[in-house]
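Residue numbers (the working numbering): 6 to 182.
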């Protein structure tokens, strides 16, 4: 409940249904309780009121009235209803403020799934690029290695058929002596 809507501090009928008064501190009920004012207290209050009227001073007005000497006509339901209305209005105001704040913050917050998705996509792209580079390197190596291997084998075959290097070997095997 907002402080502006709350009743001012003072003695009010006890909302728990007893025939006592309970002190409202302006924000909440305290544990202080007292009996209803006696006739002497009411007369002294009336004296204060008349003296105040002569001095143009307005003391706080109590929430109880005297119906018969020594008895109170307590309107505790009215006080309780005032407190309920103030509480309801404060709850409505707080809910509205919360909803407004939530709506404004909803646009500022990036969903977590997009953060993790973006990271996952970055890692997948990085892995794909590395894989493509390695694959291209492997193929280039294979082509160069195979070309070199075939050249080496070709050179060896050529050297075997060459007269200088393998002529004596071939003649001794296939020619009669």
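We put the CB at the ideal spot given by N, CA and C, even for glycine.
The structure presented is a predicted model; accordingly, all values stated were derived computationally and were not measured.
Contact between the region 10–29 and the region 38–53 is present: 3 or more CB-CB pairs across the two stretches fall below 8 angstroms. Residue environment for residue 103: exposed (fewer than 16 other C-beta atoms within 10 angstroms of its C-beta).
A residue is called buried once 16 or more other Cβ atoms fall within 10 Å of its Cβ, and residue 155, having fewer, is exposed. Under DSSP, residue 15 shares a beta bridge with 29.
Residue pairing by DSSP places residue 34 opposite 29 in a beta bridge. Listed as beta-bridge partners of residue 39 by DSSP are 26. For residue 30, the CB contacts under 7 angstroms within the same chain, skipping 5 residues up- and downstream, are 14 in chain order. Here DSSP, grouped into helix, strand and coil, assigns residue 86 to helix.
Taking the CA atoms as reference points, residue 153 sits about 45 angstroms from residue 123. Per DSSP, reduced to three states, the secondary structure at residue 51 is helical. Residue 21 carries a coil assignment under DSSP once its states are collapsed to helix, strand and coil.
With respect to the 8 angstroms criterion, residue 12 and residue 87 are classified as neighbours on the basis of their beta carbons.
C-alpha of residue 111 to C-alpha of residue 136: approximately 40 angstroms in a straight line.
Linking residue 96 to residue 20 through their CA atoms gives a straight-line distance of about 21 angstroms. The C-beta of residue 146 has fewer than 16 other C-beta atoms within 10 Å across all chains shown, which makes the residue exposed.
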